Amino acid sequence: MAEQSNVTEEQRPDPNEKLVKVFDSEQESEALVVKGLLDSAGIESDLKSGSFVQDAFPGLGGMVILVREDDAEKARSLIAESLRSGGAVDGDEDETKS
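Position in the sequence shown counted from 1, then plus 225, gives you the numbering used here.
So, in structure tokens, the structure goes:
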């Protein structure tokens with residue numbers, strides 16, 4: 226039983242962990258697709274509104290995806306691969322333009 230509690234503790238995010246930005250978009254729907262891609266790969270991510278930068282940079286906004294620093298490289302690779310292969314990130318946007 227003690228082993229199970231250790232697994233639960235490892236899965237809880239440390240509030241002091243450094244999070245890094247791996248993706249941003251002006252389109253909330255695009256950011257949600259990327260978040261789903263990361264979730265399906267087992268990478269925990271946080272979707273934040275880019276509006277928090279409005280005071281410093283008026284006119285900027287959109288959505289920002291943050292992941293743990295340890296997961297950043299893998300997350301960026303998945304996103305880049307999806308874009309290269311015309312996957313959900315890029316393909317979703319193209320379908321709405323048709």
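Don't be surprised by glycine CBs; every beta carbon is placed ideally from N, CA and C. Given the structure is predicted, the values throughout are model-derived calculations rather than measurements.
Check	Outcome
Would you say GLU253 and MET288 are within 9 Å of each other, going by their C-beta atoms?	yes
So for SER310, helix, strand or coil by DSSP?	coil
For GLU294, count the other beta carbons within 10 Å of its own beta carbon; 16 or more makes it buried, fewer makes it exposed. Which is it?	exposed
Can you tell me the Cβ-Cβ gap for VAL259 and ILE304, rounded? I've got them flagged as a contact below 8 Å.	6 Å
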